[in-house]
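Peer 1: Can you read through this structure? Questions will come right after.
Numbering (the numbering used here), first residue to last: 50 to 249.
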């Protein structure tokens, strides 16, 4: 047996969450050996998952089932664990044992905010996005998944989807830095930068 080939497949930016070895074992496509392959496969899956989500006619997307199903539709062609809440601890997010409870608390809060007009529709969707990012329910794809959740929520409320800086937020660059800074401001109870960024 020859030496193991070293690739950049699991290299992650410093502000991204690395996968645990057990999560890496969930890669479904054997042809994926480089990071660019993984990005390409995930993007194709995300495009298909987004199209599926926008075609859905179900009224209530604020359910635990839909949160997990959407993640599966976005990543199920690439990762075996897509749509399942993470079972490992990571550098961000809450303990895995609390994920299901906190997702459901968040969805209940969002329903309450919508019913009582607690915030503008945009702000409710951005608060949903931020809370889910903070929980970090899945091993990978949380930002992309929760941005689509926010988009679906505002579209269901009659608004246009967010523009999210009009850039690929998975690639390092100034737009991603601005997005991460806005998330950190929201962590400190200042939602305004994230709300502005989402429509930039």
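C-beta: ideal position from N, C-alpha, C; glycine also.
Fair warning: this is a prediction, and the values are worked out from it, not measured in the lab.
According to the neighbour-count rule (16 or more other Cβ atoms, all chains shown, within 10 Å of its Cβ), is residue 83 buried or exposed?
Peer 2: Numbered from 1 along the chain shown, position 34 holds the residue referred to as residue 83. Residue 83 is classed as exposed because its beta carbon has fewer than 16 other beta carbons within 10 Å across all chains shown.
Peer 1: Let me confirm a value: residue 256 is counted as buried when at least 16 other C-beta atoms fall within 10 Å, else exposed. Which label applies?
Peer 2: Residue coverage of the chain in this structure runs from 50 to 249, which leaves residue 256 outside it and unanswerable.
Peer 1: Just to confirm, are residue 218 and residue 195 a CB contact at a threshold of 7 Å?
Peer 2: Locating residue 218 in the chain shown gives position 169, where the first residue counts as 1. Locating residue 195 in the chain shown gives position 146, where the first residue counts as 1. Cβ atoms of residue 218 and residue 195: not closer than 7 Å.
Peer 1: Taking Cβ to Cβ, would you say residue 43 is nearer than 7 Å to residue 147?
Peer 2: The chain is shown from 50 up to 249; residue 43 falls before or after that span and cannot be answered.
Peer 1: Please give me, in chain order, every unbroken run of the alpha helix (DSSP H) with length at least 4 that falls completely inside the stretch 155-222.
Peer 2: 170-184 and 191-205
Peer 1: May I have the straight-line CA-CA distance separating residue 225 from residue 231, to the nearest angstrom?
Peer 2: Translated into positions along the chain shown, residue 225 becomes position 176. Translated into positions along the chain shown, residue 231 becomes position 182. Those two C-alpha atoms are separated by around 10 Å.
Peer 1: For residue 128, which residues does DSSP report across the bridge?
Peer 2: The residue given as residue 128 occupies position 79 in the chain shown. Partner(s): 76.
Peer 1: Measure the Cβ-Cβ separation of residue 162 and residue 175 and say whether it is below 7 Å.
Peer 2: For the purposes of this step, residue 162 is taken as residue 113 along the chain shown, with counting starting at 1. For the purposes of this step, residue 175 is taken as residue 126 along the chain shown, with counting starting at 1. Contact annotation: residue 162 and residue 175 have beta-carbon atoms that are not nearer than 7 Å.
Peer 1: In whole angstroms, what is the alpha-carbon distance linking residue 134 and residue 115?
Peer 2: To locate residue 134, count along the chain shown from 1; it is residue 85. To locate residue 115, count along the chain shown from 1; it is residue 66. Taking the straight line from one Cα to the other gives about 13 Å.
Peer 1: Is DSSP giving residue 54 helix, strand or coil here?
Peer 2: As a first step, residue 54 must be located in the chain shown, where it is residue number 5. Bear in mind that a pLDDT of 44 at residue 54, under 50, signals an unreliable position, so the number given afterwards is only what the model happens to contain. It is coil, neither helix nor strand.
Peer 1: Here's a check: name, in chain order, each residue in its chain whose Cβ is nearer than 8 Å to the Cβ of residue 242, leaving out the five neighbours to either side.
Peer 2: Here residue 242 refers to the residue found at position 193 when the chain shown is read from its first residue. Counting only Cβ-Cβ distances below 8 Å, and skipping sequence neighbours, we find 230, 231, 234 and 235.
Peer 1: Can you check which of these residues, 223, 159 and 141, is closest to residue 186 by C-alpha distance?
Peer 2: Here residue 186 refers to the residue found at position 137 of the chain shown. The shortest C-alpha separation from residue 186 is found at 141.
Peer 1: With DSSP collapsed to three states, give me the class of residue 143.
Peer 2: On the chain shown, position 94 is the one that residue 143 refers to. Residue 143: coil per DSSP, three-state reduction.
Peer 1: How long is the line joining the alpha carbons of residue 96 and residue 168, rounded to whole angstroms?
Peer 2: By 1-based counting over the chain shown, the position of residue 96 is 47. By 1-based counting over the chain shown, the position of residue 168 is 119. Those two C-alpha atoms are separated by around 30 Å.
Peer 1: Can you tell me where the alpha helix (DSSP H) with residue 95 in it begins and where it stops?
Peer 2: For this step, residue 95 is matched to residue 46 along the chain shown. 84-104 is the span of the alpha helix (DSSP H), which, as asked, contains residue 95.
Peer 1: For residue 204 and residue 179, I'd like the C-alpha separation in whole angstroms.
Peer 2: Start at 1 with the first residue of the chain shown, and residue 204 comes out as number 155. Start at 1 with the first residue of the chain shown, and residue 179 comes out as number 130. About 18 Å.
Peer 1: Determine the direct distance from the alpha carbon of residue 144 to that of residue 58, and round the result to whole angstroms.
Peer 2: Position 9 of the chain shown, counted from the start, is the residue given in the question as residue 58. Position 95 of the chain shown, counted from the start, is the residue given in the question as residue 144. Computed Cα separation, rounded: 26 Å.
Peer 1: What did DSSP end up calling residue 136 once you bin it into helix, strand or coil?
Peer 2: Reading the chain shown from its first residue, position 87 is the one you call residue 136. DSSP places residue 136 in coil when its eight states are reduced to three.
Peer 1: Going by Cα to Cα distance, which pick from 128, 66, 112 and 69 is closest to residue 81?
Peer 2: For the purposes of this step, residue 81 is taken as the residue at position 32 of the chain shown. For residue 81, the nearest C-alpha among the options comes from 128.
Peer 1: Can you give me the Cβ contacts of residue 200 inside the same chain, cut-off strictly under 8 Å, excluding the 5 residues immediately before and after it?
Peer 2: For the purposes of this step, residue 200 is taken as residue 151 along the chain shown, with counting starting at 1. These residues qualify, in order along the chain: 174, 210 and 211.
Peer 1: To which residues of the same chain is residue 249 closer than 6 Å at the C-beta, ignoring the five residues directly before and after it?
Peer 2: Translated into the one-based positions of the chain shown, residue 249 becomes position 200. Correct list, in chain order: 214.
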